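Trainee: I have a structure I would like to understand better, so I am pasting it below and will then ask my questions one at a time.
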Amino acid sequence: MNKPILVGGLLIIFIIAIIILNKATDMKVEKYWEDPTVFQVNREEPRAHFFPFESEKLAIENDLAKSKYFQSLNGTWKFHFAKNPGKKPKRFYQSSYSVKNWDDITVPGHWEMQGYSVPIYLDEEYPFNPDPPKVPFDYNTVGSYVKMFDINEAWNGRDIFIRFGGVRSAFYVWLNGNFIGYSQGSKTPAEFNITNLVKNGKNKLAVEVYRFSDGSYLEGQDTWRVSGLERDVYLYAAPKARISDFFVYADLNKDGRSANFSVKVDLFNPERFTGKYKIDAVLKGKRVLYKKDYTVAIDSTNSVEFQTTFSKVKSWSAETPYLYDLQIMLTDPQGNLVESFTQKVGFKRVEVKN
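The sequence shown begins at 114 in the numbering used here and counts up one residue at a time.
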């Protein structure tokens, strides 16, 4: 066989295989927004909302912008608007894809309020003919977003996350050409771990948002139908060994004065750092109501629970909405503060009487 012909034939086969693979990848991504069995891909487990501040002072102030481990991505993004999925830009998430001629859009915000399509108001009806789990193809606008950002060198050695406060209705995320994940649930936050994909220097974040998804069938209620990155988007860096979640149980007894109180703290240590970590919990109003600490060796995951009973607390009501401050701190075996955060806590009892 002629060698040039053989080489040429193999090259053609290789090119065709790459094209088929790329198309298959696109098709696989696109189907999530009409797949009722998929609500997320690679999204972090839902948790209580708190931020891992690096000092007690910052935790009390509770101002994310003051932390060196916080970076807001709010502001101006590059934006492309498509009337339907068939007209969206293909593989715009690739690092080599230029978006310099795209429009600018403000995040957070709805694209209908910034000149793209129109907002829709309905009561109990759907804005399209229902055929679950399908949504209209020709009438399903798509917003493609791109944001460039740098990472603070102080974040080295920590886990880096991106948090979307709310995106309507469904979205895909890529970083530096790599698929991060997918999420739907318009009014719920979504977090993704990007530690292994972020790099020093410029990073390209790409987000593809669909106006309608199979989740839109749960939104047939009295509200405006608007779309986009509608809440804050930010990055944060968390310590490797850290508090992953917590739950507060504040039960006011029938006498309206005494209360049962407990705090469950979940710990996460994927690197299996050795040594004893200390967890402090402090509940205070005008004075310290409760203070307790535990020392524990963290495995890959651990839980610690604080429990106590108060003979007298100030209850929360609509007329007197009194709240206590709960501060939780994690200290490493060397005595260094790993993280600290605060949470408002109220004591309230709800019951139905004849």
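Each residue gets a CB set at the ideal place from its N, CA and C atoms; glycine is no exception.
None of the values given here were measured: they were computed from a predicted structure.
1. Check whether the stretch 331 to 349 and the stretch 280 to 299 are in contact - that is, three or more C-beta pairs closer than 8 Å.
2. Whole angstroms are fine: how far does the CA of K317 sit from the CA of M261?
3. Rounded to the nearest angstrom, what separates E432 and R462 at their Cα positions?
4. Among M442, V409, Y206, L396, which residue has its Cα nearest to the Cα of F460?
5. Quick check: the stretch 230 to 243 against the stretch 161 to 172, are at least 3 beta-carbon pairs closer than 8 Å?
6. Whether or not the stretch 285 to 304 and the stretch 368 to 388 are in contact is what I'm after, with contact meaning three or more pairs of Cβ atoms, one per stretch, closer than 8 Å; do they touch?
7. The alpha helix (DSSP H) with A172 in it runs from where to where?
8. Between the Cα of N289 and those of K201, Y390, Q207, spot the shortest distance and give me the residue it belongs to.
9. With three or more beta-carbon pairs closer than 8 Å as the criterion, would you say the stretch 438 to 447 touches the stretch 383 to 401?
10. Does K404 come out as helix, strand or coil in the three-state DSSP assignment?
11. Can you pull the DSSP bridge partners for H193?
12. Quick one: what's got a C-beta closer than 8 Å to D364's C-beta in the same chain, skipping five residues either side?
13. What residue ranges within the stretch 327 to 404 form continuous beta strand (DSSP E) runs of no fewer than 3 residues, ordered along the chain?
14. Take the Cβ of N214 as the centre, count every other Cβ of all protein chains shown within 10 Å, and call the residue buried at 16 or more, exposed below.
15. Does Y362 pass the burial test, meaning 16 or more other C-beta atoms within 10 Å, or should it be called exposed?
16. Please list the terminal residues of the continuous beta strand (DSSP E) segment that includes T219.
17. What's the gap between the Cα of K457 and the Cα of T336?
18. Measure the alpha-carbon distance for K203 versus R276 and round it to whole angstroms.
19. Less than 8 Å between the CB atoms is what I'm expecting for L342 and V220, so what's the real figure, rounded?
20. For the candidate residues D217, Y210, F163, N175, whose alpha-carbon lies nearest to that of N187?
21. In whole angstroms, what is the alpha-carbon distance linking F241 and E464?
22. What does the Cβ neighbour count give for R338, buried or exposed, with the cut at 16 atoms within 10 Å?
Mentor: Per the coordinate set shown:
1. The stretch 331 to 349 is in contact with the stretch 280 to 299.
2. As a working mapping, residue 261 is identified with position 148 in the sequence shown. As a working mapping, residue 317 is identified with position 204 in the sequence shown. If you draw a straight line from the Cα of M261 to the Cα of K317, it comes to about 5 Å.
3. If you number the sequence shown from 1, residue 432 lands on position 319. If you number the sequence shown from 1, residue 462 lands on position 349. In this structure, the alpha-carbon of E432 lies about 14 Å from that of R462.
4. For the purposes of this step, residue 460 is taken as the residue at position 347 of the sequence shown. Taking each of M442, V409, Y206, L396 in turn and checking the Cα distance to F460, the smallest one comes out for L396.
5. Contact fails: fewer than three Cβ-Cβ distances are below 8 Å.
6. Counting Cβ pairs under 8 Å, fewer than three are found: no touch.
7. If you number the sequence shown from 1, residue 172 lands on position 59. DSSP places A172 inside the alpha helix (DSSP H), whose first and last residues are 169 to 174.
8. The residue you call residue 289 lines up with position 176 of the sequence shown. Among K201, Y390, Q207, the Cα nearest to that of N289 belongs to Q207.
9. Put simply, the stretch 438 to 447 touches the stretch 383 to 401. At least three CB pairs are less than 8 Å apart.
10. For the purposes of this step, residue 404 is taken as the residue at position 291 of the sequence shown. Residue state, collapsed to three classes: strand.
11. By 1-based counting over the sequence shown, the position of residue 193 is 80. Paired residue(s): S257.
12. Taking the sequence shown and counting its residues from 1, one reaches residue 364 at position 251. Cβ within range, chain order: A372, N373, F374, F460, R462.
13. The stretch 327 to 404 contains these whole beta strand (DSSP E) runs: 336 to 338, 346 to 351, 355 to 365, 372 to 381, 389 to 397.
14. Mapped onto the sequence shown, residue 214 falls at position 101. Exposed, because fewer than 16 other Cβ atoms sit within 10 Å of the Cβ of N214.
15. Within the sequence shown, numbered from 1, the residue matching residue 362 stands at position 249. Under this definition Y362 is an exposed residue.
16. Translated into positions along the sequence shown, residue 219 becomes position 106. Element bounds for T219: 216 to 220.
17. As a working note, residue 457 is residue 344 in the sequence shown. As a working note, residue 336 is residue 223 in the sequence shown. Computed Cα separation, rounded: 29 Å.
18. In the sequence shown, residue 203 corresponds to position 90, counting from 1. In the sequence shown, residue 276 corresponds to position 163, counting from 1. Going by the C-alpha atoms only, they are around 24 Å apart.
19. Residue numbering aside, residue 342 sits at position 229 when the sequence shown is read from its first letter. Residue numbering aside, residue 220 sits at position 107 when the sequence shown is read from its first letter. The beta-carbon distance between L342 and V220, rounded to whole angstroms, is 5 Å. This is short enough to meet the 8 Å contact definition.
20. Within the sequence shown, residue 187 is the residue found at index 74, counting from 1. When the alpha-carbon of N187 is set against those of D217, Y210, F163, N175, the nearest one is in D217.
21. Mapped onto the sequence shown, residue 241 falls at position 128. Mapped onto the sequence shown, residue 464 falls at position 351. Roughly 41 Å between the two C-alpha positions.
22. As a position in the sequence shown, residue 338 is number 225, starting the count at 1. It counts as buried.
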